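Input: a single structure, listed below in structure tokens.
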Amino acid sequence: MAIDTNEPKPEPFEKNGLWSLVRKNFWGVITLIAVTVVCVIIVQMFKKPGQMSVLESQAMDMTVMVPPKGAVPVAIATVMKEPISGSVTYTGTVQAYSDEDVYPRVTGRVVKMAVYPGDIVKAGQLLVQLDPSDNSEYSAKRQEAQSAEDAAMHNAGIAKSEFTQRKFELEAAKEAEKGAEKGLAEANANLAYWTPELERQSTLLKSQVVSLDEYQKELAQLKVAEAQVEQSQAKVREARNTRLAAQAALDTMIHHVGHQYSAAQQAKAALKTSVIYEKYTRILAQEDGVVTKRLISPGVVVSPGMMVLKVAHVKQVRVQAEVASDDADRIRLGSKVTIKSSQSSSEEVEAKVTSIFPAADPASRTFTVEALIDNIRDSQGSSNDQVGSVGTYKFLPGQYVVMKISTGEHEGLTVPTAAIIWREGKAQVWKAGSTESFASQSKYQCPMHPDVISDKPGTCPKCGMTLETVKAKTQSAPAKKQYTCTMHPEVVTDAPGKCPKCSMDLVPQELGGKNESHLVAVEIGLSNPDKTEVVKGLSEGDQVVYAGYANLQPGMAVVATEWGKAGPVRLPTASEVQGNRLDSSNNWTHEEMSGAFMIKVSLDPAKGGSNTTVIKVGKHGGGAVSGAQISAKTSMPGMGDMAGPDLSGATGMNGEARLKSDLSSGLWRLKLKISSPGAAPIETSVDVEVP
Numbered sequence: 009m010a011i012d013t014n015e016p017k018p019e020p021f022e023k024n025g026l027w028s029l030v031r032k033n034f035w036g037v038i039t040l041i042a043v044t045v046v047c048v049i050i051v052q053m054f055k056k057p058g059q060m061s062v063l064e065s066q067a068m069d070m071t072v073m074v075p076p077k078g079a080v081p082v083a084i085a086t087v088m089k090e091p092i093s094g095s096v097t098y099t100g101t102v103q104a105y106s107d108e109d110v111y112p113r114v115t116g117r118v119v120k121m122a123v124y125p126g127d128i129v130k131a132g133q134l135l136v137q138l139d140p141s142d143n144s145e146y147s148a149k150r151q152e153a154q155s156a157e158d159a160a161m162h163n164a165g166i167a168k169s170e171f172t173q174r175k176f177e178l179e180a181a182k183e184a185e186k187g188a189e190k191g192l193a194e195a196n197a198n199l200a201y202w203t204p205e206l207e208r209q210s211t212l213l214k215s216q217v218v219s220l221d222e223y224q225k226e227l228a229q230l231k232v233a234e235a236q237v238e239q240s241q242a243k244v245r246e247a248r249n250t251r252l253a254a255q256a257a258l259d260t261m262i263h264h265v266g267h268q269y270s271a272a273q274q275a276k277a278a279l280k281t282s283v284i285y286e287k288y289t290r291i292l293a294q295e296d297g298v299v300t301k302r303l304i305s306p307g308v309v310v311s312p313g314m315m316v317l318k319v320a321h322v323k324q325v326r327v328q329a330e331v332a333s334d335d336a337d338r339i340r341l342g343s344k345v346t347i348k349s350s351q352s353s354s355e356e357v358e359a360k361v362t363s364i365f366p367a368a369d370p371a372s373r374t375f376t377v378e379a380l381i382d383n384i385r386d387s388q389g390s391s392n393d394q395v396g397s398v399g400t401y402k403f404l405p406g407q408y409v410v411m412k413i414s415t416g417e418h419e420g421l422t423v424p425t426a427a428i429i430w431r432e433g434k435a436q437v438w439k440a441g442s443t444e445s446f447a448s449q450s451k452y453q454c455p456m457h458p459d460v461i462s463d464k465p466g467t468c469p470k471c472g473m474t475l476e477t478v479k480a481k482t483q484s485a486p487a488k489k490q491y492t493c494t495m496h497p498e499v500v501t502d503a504p505g506k507c508p509k510c511s512m513d514l515v516p517q518e519l520g521g522k523n524e525s526h527l528v529a530v531e532i533g534l535s536n537p538d539k540t541e542v543v544k545g546l547s548e549g550d551q552v553v554y555a556g557y558a559n560l561q562p563g564m565a566v567v568a569t570e571w572g573k574a575g576p577v578r579l580p581t582a583s584e585v586q587g588n589r590l591d592s593s594n595n596w597t598h599e600e601m602s603g604a605f606m607i608k609v610s611l612d613p614a615k616g617g618s619n620t621t622v623i624k625v626g627k628h629g630g631g632a633v634s635g636a637q638i639s640a641k642t643s644m645p646g647m648g649d650m651a652g653p654d655l656s657g658a659t660g661m662n663g664e665a666r667l668k669s670d671l672s673s674g675l676w677r678l679k680l681k682i683s684s685p686g687a688a689p690i691e692t693s694v695d696v697e698v699p
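Numbering (this note's numbering) for the sequence shown: 9 to 699.
Take a look at the structure:
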């Protein structure tokens, strides 16, 4: 079948269909385009400057709105009168109440060490055993001494028995001597009778009254009496000699008994010594404590004077700190001390100063302050602590602790300690307040170093230049209540209403102007890590900056901000700060609503030395304001409001005035006055940070 190649091809859909659609809906497309153009023209004509669309306003995050640069967020505290306790904080060291260095008192080999560093020991507990207890040199010596002591006591007993015998023999000799003496007395008495009797018989014999036989019998009786006397005398002499011999034997025995008992006592002492030496092989703990060091191991032969263990007695411990002499002068015996194991520890131990060493350390020139504390934990300690464990004690010897020592207590003006700044040995604070609050204060400032401020004339300690008097500021009239927009802080009116840019309700603006910061010299009294007493330089109710002042300069605007450990908890919102400032964050351009005008201020170019301040004045609903007279007084807040050149000019047809300013690098403040025919003069202030 033949194909007709001359048949016309259909046109593409993109070309044929589109044109067909346009031809069919031509007037509808024209109408849509016309409506769109008209809507765009209407929106552009009636939209207010800065006004957001519905989508823009819904997408905007209100929580991230921050104020314009010009007011530094800082933490501010109020000077108040309250009780304050001064204190100083030092790092201290825990020392044992006493240390027991364990030494052996005899030579021996260590066969047992029942303790290890960290072990709790009780008084009388075995620490070290030297040599076997049942087979050692010292046990053999003890047995030998025991035998010698037994023999000596036996000999002393025998000597005592012999002494008793000699004593009885002496008593018998004495009795025999007495009997002999009585016999002698009887013989003498008998002789005394017969002697005169014989003489009488002799007389009678001569007279031949008696016979010779009777006389001889009487004579025989006399002879017998004389013989009895001689015999009794011999017996007396014999008895006396026997007594003397018995006495001598007793005396000898007494000496012998004494010697035997001395030998027994010597043997007993030798036994006691050997027992003591044997006990020395068992080294016992003298008091309760903790083993802190072990210097030898079992198997080592030790000798007297060789340290084997260290035991610390820690039922009580001494906590000592090396304190500077200035602080030591303010510390007294009985001063309160708070002790913690670290700054972050929640467990505190309260104590009192028990000793202040009377001599300074020759190297550090510090004084040792000591607190003696009971170191046993109470029954409500940690549940993990067991009786007899190291956890039983609050602190251990050698441990570093933090000691907060009281230096006094009374009532006074206080500020946060963080607010105190030390410069060249003198205390200063950043005082915050309105411009008017500093107007009556006479200050002296170095023209080269603005941070050097003094209440008295003198020279700068940094460069030696003479301090210049800071000109006093005039007291301005009380500020009127004004209203501003939280979204557009440049919008300021004298009456409530809605913002011409975003139609939000205007809110009252805080009266009193923005706060400024100035360095103030102070004298301080008691101090602790949290609060410091101010004796001179501040009054109750003053505001001081205690955080965020690292880059402050005198006269710089500040705003109170909630402060945390890491810095501001949040930045202040635009409604909290009404600072007008030109800097790099806004490309040196600032716009605000003041009175009946919209004022736009910029710096051209943004550099120091040769620049122009451009001021553009417009109406709320649009349109330029020409012929407005503009004057500006310039000053440098960081130099004590040192005056700069006065500027003046007038706006042209475009509502713009270019004032040749030639501002040098630094922070400048421009006080503007705008006068327009038919309108009240407007005054405003703008800060310019010239790079």
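Where a beta carbon is used, it is the ideal one built from N, C-alpha and C, also for glycine. Since we're looking at a predicted model, the values are computed, not measured.
Exposure label - residue i; buried when at least 16 CB within 10 Å
i    : result
D538 : exposed
Y760 : The requested residue 760 is not part of the displayed model; the chain covers only 9 to 699.
D612 : exposed
P619 : Here residue 619 is Asn; the residue named in the question, Pro, does not match the sequence. So N619 ends up on the buried side.
V123 : buried
M564 : buried
D337 : exposed
L206 : buried
V698 : buried
C167 : The sequence shown places Ala at residue 167, rather than the Cys named in the question. Looking at its Cβ environment, which holds 16 or more other Cβ atoms inside 10 Å, A167 is buried.
Which of helix, strand or coil DSSP assigns to residue i
i    : result
A371 : coil
I682 : strand
I413 : strand
K130 : coil
D695 : strand
W202 : helix
E476 : strand
S669 : coil
V244 : helix
T281 : helix
N523 : strand
G58  : A caution first: G58 carries a pLDDT of 38, below 50, which makes its placement in the model unreliable, though a value can still be read off. G58: coil per DSSP, three-state reduction.
I339 : coil
G556 : coil
S583 : The predicted model places S583 with a pLDDT of 43, which falls under 50 and marks its position as unreliable; any figure quoted below should be read in that light. If DSSP states are grouped into helix, strand and coil, S583 belongs with the helices.
One or two residues paired with residue i in a DSSP bridge
i    : result
V357 : I347
K89  : L421
T97  : K412
G406 : Note: G406 sits in no beta bridge, so no partner.
H598 : V609
H321 : S106
Through-space distance from residue j to residue i, alpha-carbon basis
i    : j    : result
M88  : D127 : 53 Å
K318 : T300 : 6 Å
V694 : A688 : 19 Å
V298 : K573 : 41 Å
T203 : A228 : 11 Å
E185 : Q154 : 46 Å
T39  : G631 : 32 Å
K679 : N559 : 24 Å
R251 : T281 : 44 Å
P685 : L514 : 27 Å
S95  : T425 : 12 Å
E432 : K470 : 10 Å
R589 : V80  : 11 Å
K120 : V325 : 30 Å
A367 : A568 : 49 Å
L546 : K464 : 16 Å
A412 : I429 : Checking the displayed sequence, the identity of residue 412 turns out to be Lys instead of Ala. One C-alpha to the other measures close to 22 Å.
Cβ-Cβ separation, residue j to residue i (assumed contact under 8 Å), whole Å
i    : j    : result
T621 : L675 : Wrong, their Cβ atoms sit about 15 Å apart, outside the cutoff.
K544 : E531 : 4 Å
A293 : V129 : 4 Å
K402 : V357 : 6 Å
M601 : V499 : 4 Å
I381 : A359 : 5 Å
A275 : A160 : 4 Å
Residue i CB to nearest heavy atom of the ligand GDP below 8 Å
i    : result
R431 : This structure does not include the ligand GDP; it has no bound ligands of any sort.
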